[in-house]
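In UniProt numbering, the protein residues as written are 1 to 762.
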């Protein structure tokens with residue numbers, strides 16, 4: 001669920017402070033400020049100056065709108081405590097304007113105990129859940145714990161449930177369709193079979209596709225498009241659903257073997273051309289492209305704006321593109337393809353969720369009951385509305401339209417919506433109702449005043465989020481700026497802390513109130529910016545190579561030295577599952593310097609042998625230049641020379657990327673030339689990965705305590721844990737200010753050799 005944040009008054013030592021939202025340009029300079037790229041999972045950070053031994057009480061309010069899928073609303077909480085805890089207690093209170101008819105809490109992965117559900121009134125429910133230290137250890141074996149509550153509310157007996165509520169000059173309109181038949185569909189499955197898919201879970205995708213094909217209805221038609229650097233359609237026309245055609249399609253999918261790069265542009269264009277040639281009018285059938293990928297475009301057209309423009313021009317039928325992204329990297333293109341076609345996008349970060357999440361998303365996205373829905377409000381009653389035109393309505397979902405009234409004293413309005421169905425055009429009219437009054441003597445979670453603010457809050461939230469989406473995904477720069485300004489204006493009005501705003505914590509409500517701290521939204525797992533590397537320029541412990549590595553949960557990377565032995569390969573990364581390996585050969589520095597460096601780096605992967613020294617580069621035994629800007633595309637990998645004589649990137653599939661950096665001293669003969677090595681992207685490496693850097697890829701950490709000595713040196717203790725083994729280790733560190741040649745970041749938490757050795761075996 002997407003959300004905007006508000007901070008209620010902060011109480012510190014019996015004094016109240018309040019949060020004032022400002023634009024990021026107005027924010028007081030903050031050296032640790034970061035920028036996020038919505039709509040990824042985000043983390044709210046708050047920095048406060050708090051007196052010693054003070055009691056602090058902070059309340060954070062999330063404004064969001066639950067989405068209804070497959071007949072149920074879902075409220076999901078991701079459990080990432082970041083450290084070992086003795087007990088976990090979760091209390092969730094749900095209050096609705098209609099009676100709650102269904103509610104369930106599926107067990108979390110790895111957990112057996114059930115949540116307790118208590119009905120407070122017919123419209124309110126309390127859910128409680130507790131877990132002890134032993135139970136939490138089972139949960140922590142998985143990357144993320146998901147606590148999910150699913151529920152639904154009472155709806156009318158009619159085929160269409162229309163709730164139009166008016167209060168305080170605002171309205172909100174909820175529409176759900178209950179009993180209409182699913183439209184027959186023409187659907188093209190666009191499947192990624194590039195080399196990186198063998199890292200992502202191709203076998204699991206195949207298994208889900210067999211089930212999806214078996215579930216197609218007799219009046220559906222389908223097609224298959226497979227793409228790597230080549231784009232191949234199974235047939236040049238849509239196939240009717242028969243036992244023979246389904247069996248043949250399954251055989252075709254079974255033959256798929258991950259190989260090569262990804263030509264996303266031509267794959268989408270091919271799918272649209274197949275639908276365009278269909279021989280029935282699209283008003284009688286739903287059309288859809290079901291697009292699956294695990295990476296970015298690496299063949300054909302590579303630039304996102306051009307791909308979007310090509311698809312926009314080709315999609316004359318306005319076919320929605322339903323996109324699935326497999327992996328944990330940036331999926332901007334996937335989001336934009338779905339947004340501009342009014343489709344849906346979904347990200348599956350972990351391969352263990354592919355069997356359930358992929359099938360669930362398909363069922364929701366392609367069970368279409370109506371097309372071209374449009375809402376209108378009689379007598380110009382609506383002054384402003386959120387989006388009121390929708391391309392499709394999925395079975396078990398819900399459409400929400402909110403707005404402001406032209407006359408705030410109006411108590412009743414009429415709405416008409418019309419759409420296209422399997423039975424032709426339909427039109428419905430509904431009259432508004434007042435918000436249901438509180439009933440029952442049981443304690444309620446919302447006051448009467450808060451209940452009457454619901455239409456306004458929904459209007460504010462939807463308007464803000466739709467403005468943010470338009471600013472992010474609009475190809476016109478002027479439109480982007482216009483929508484961004486609209487989003488900021490709404491955020492300032494409603495005091496929303498979001499990606500475009502920051503917050504100042506002030507001591508009083510006065511304009512010149514004393515500044516106590518800052519709050520802002522930051523990216524939670526910045527996959528694209530995590531860097532793991534080694535460089536020898538600042539060698540320690542006898543000049544041995546110095547390593548630097550980002551650890552999830554730490555804002556400052558860790559760094560350490562590892563003793564290098566001459567003529568003995570130093571294993572940097574070794575993954576037996578993907579057969580990806582990187583190793584270095586150590587050389588000695590100039591006499592009397594007592595330093596050692598990496599003089600040769602070798603990277604081996606299926607179809608690739610890359611060997612670099614400071615003088616030469618060879619790829620699969622063929623020479624490759626350090627100084628000429630070029631890109632070598634191989635079936636399973638790419639090698640990119642940036643032309644500066646310093647950096648060469650090696651991309652394996654779409655989820656693994658290394659960079660080799662050359663440091664030379666042409667004017668200083670007494671200094672040694674050497675190489676550095678970085679992991680820029682490690683999502684495709686398995687949990688079995690070992691090596692100096694590889695063994696640390698799945699670590700998370702947090703700072704337990706810090707202290708500053710009399711001479712100003714900062715020391716700390718970190719707690720580092722492994723995602724998979726869940727082993728933990730407390731690490732003493734000191735803060736060092738060593739500039740990293742690649743990332744230009746200066747401070748790092750320095751580990752001693754013994755501490756690194758213990759981390760490597762977590």
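In this text, a Cβ means the ideal position worked out from N, Cα and C, and glycines have one as well.
Could you work out which residue in 708, 108 and 20 is closest to residue 5 when comparing CA atoms only? 20
What residue range is occupied by the uninterrupted alpha helix (DSSP H) comprising residue 496? Unbroken run through residue 496: none, as it is neither H nor E.
I need the straight-line Cα distance from residue 373 to residue 694, nearest angstrom please. 52 angstroms
For residue 186, write down the residues that DSSP places opposite it in a beta bridge. 221 and 287
Which ranges would you report for the beta strand (DSSP E) in the segment 307-348 if only whole runs of at least 3 residues count? 321-326 and 345-348
Where do the N-terminal and C-terminal ends of the alpha helix (DSSP H) with residue 265 fall, by residue? 264-276
Buried or exposed for residue 152, please, with buried defined as at least 16 other CB atoms from any protein chain shown within 10 angstroms of its CB. buried
Is the segment 359-368 touching the segment 395-415 in the sense that three or more CB pairs, one from each, lie closer than 8 angstroms? yes
How about the segment 706-717 and the segment 728-736: do they share at least three Cβ pairs that are nearer than 8 angstroms? Yes, they touch.
Sequence-distant residues of the same chain with beta carbon closer than 7 angstroms to residue 613, five excluded per side: 599 and 600
What are the start and end residues of the alpha helix (DSSP H) that includes residue 359? 354-366
Rounded to whole angstroms, what's the CA-CA distance from residue 502 to residue 488? Just pull it up for me. 11 angstroms
contact_flag[the segment 463-470, the segment 443-452] where n(CB pairs < 8 angstroms) is 3 or more: no
Please confirm whether residue 348 and residue 326 have their CB atoms less than 7 angstroms apart. yes
Residue of 380, 264, 390 and 313 minimising C-alpha distance to residue 333: 264
State the CB to CB distance for the pair residue 147 and residue 108, rounded to an integer number of angstroms; the pair is presumed to be in contact (CB under 8 angstroms). 6 angstroms
Within the same chain, show all residues whose beta-carbon is closer than 6 angstroms to that of residue 691, passing over the 5 residues directly before and after it, in chain order. 571, 572, 573 and 574
Residue 198 classed as buried or exposed, judged by whether at least 16 other C-beta atoms fall within 10 angstroms: It counts as buried.
From what residue to what residue does the alpha helix (DSSP H) around residue 247 run? Its alpha helix (DSSP H) spans residues 243-254.
Run the CB neighbour count on residue 312, radius 10 Å, all protein chains shown included, and call it buried at 16 or more, exposed below. exposed
Is the number of C-beta pairs between the segment 90-106 and the segment 119-131 that are closer than 8 angstroms three or more? yes
Beta-carbon within less than 6 angstroms of residue 226's beta-carbon, same chain only, minus the 5 sequence neighbours each way: which residues are those? 191, 193 and 232
Cα-Cα separation between residue 522 and residue 553, rounded to whole angstroms: In this prediction, residue 522 has a pLDDT of 43, which is less than 50 and means its spatial position is unreliable; nothing more can be read from the coordinates.
Quick one, which of 98, 64, 218 and 606 has its alpha-carbon nearest residue 582's? 606
In terms of residue numbering, what span does the alpha helix (DSSP H) encompassing residue 448 cover? 448-452
Would residue 514 be called buried (16 or more neighbouring beta carbons within 10 Å of its own) or exposed? At residue 514, the pLDDT of 49 sits below 50, so the modelled position is not reliable; the number obtained from the coordinates is stated separately. Classification for residue 514: exposed.
If you count every other CB in all the chains shown that lies within 10 Å of the CB of residue 267, and 16 or more means buried, which is it? By the neighbour-count rule (16 or more Cβ atoms within 10 Å), residue 267 is buried.
How many Å lie between residue 200 and residue 684 at the Cα? 7 angstroms
Give every residue of the same chain whose Cβ lies closer than 7 angstroms to the Cβ of residue 589, excluding the five residues on either side of it in the sequence, and list them in chain order. 543, 595, 596, 597 and 672
Below 6 angstroms CB to CB, which residues in the same chain sit around residue 836 once its five sequence neighbours on both sides are set aside? The shown model of the chain, from 1 to 762, leaves out residue 836, and the question about it has no answer.
Taking the alpha carbon of residue 213 as the reference point, which residue from 176, 252, 179 and 202 has its own alpha carbon closest? Nearest C-alpha to residue 213 among 176, 252, 179 and 202: 252.
Going by DSSP in three states, residue 305 sits in which element: helix, strand or coil? helix
Using 7 angstroms as the threshold, is the C-beta distance between residue 637 and residue 608 below it? yes
Do residue 294 and residue 196 have their C-beta atoms within less than 7 angstroms of each other? yes
Residue 628 classed as buried or exposed, judged by whether at least 16 other C-beta atoms fall within 10 angstroms: exposed
On a Cα-Cα basis, can you pick out the residue from 131, 181, 114 and 122 that is closest to residue 87? Out of 131, 181, 114 and 122, 131 has the C-alpha closest to the C-alpha of residue 87.
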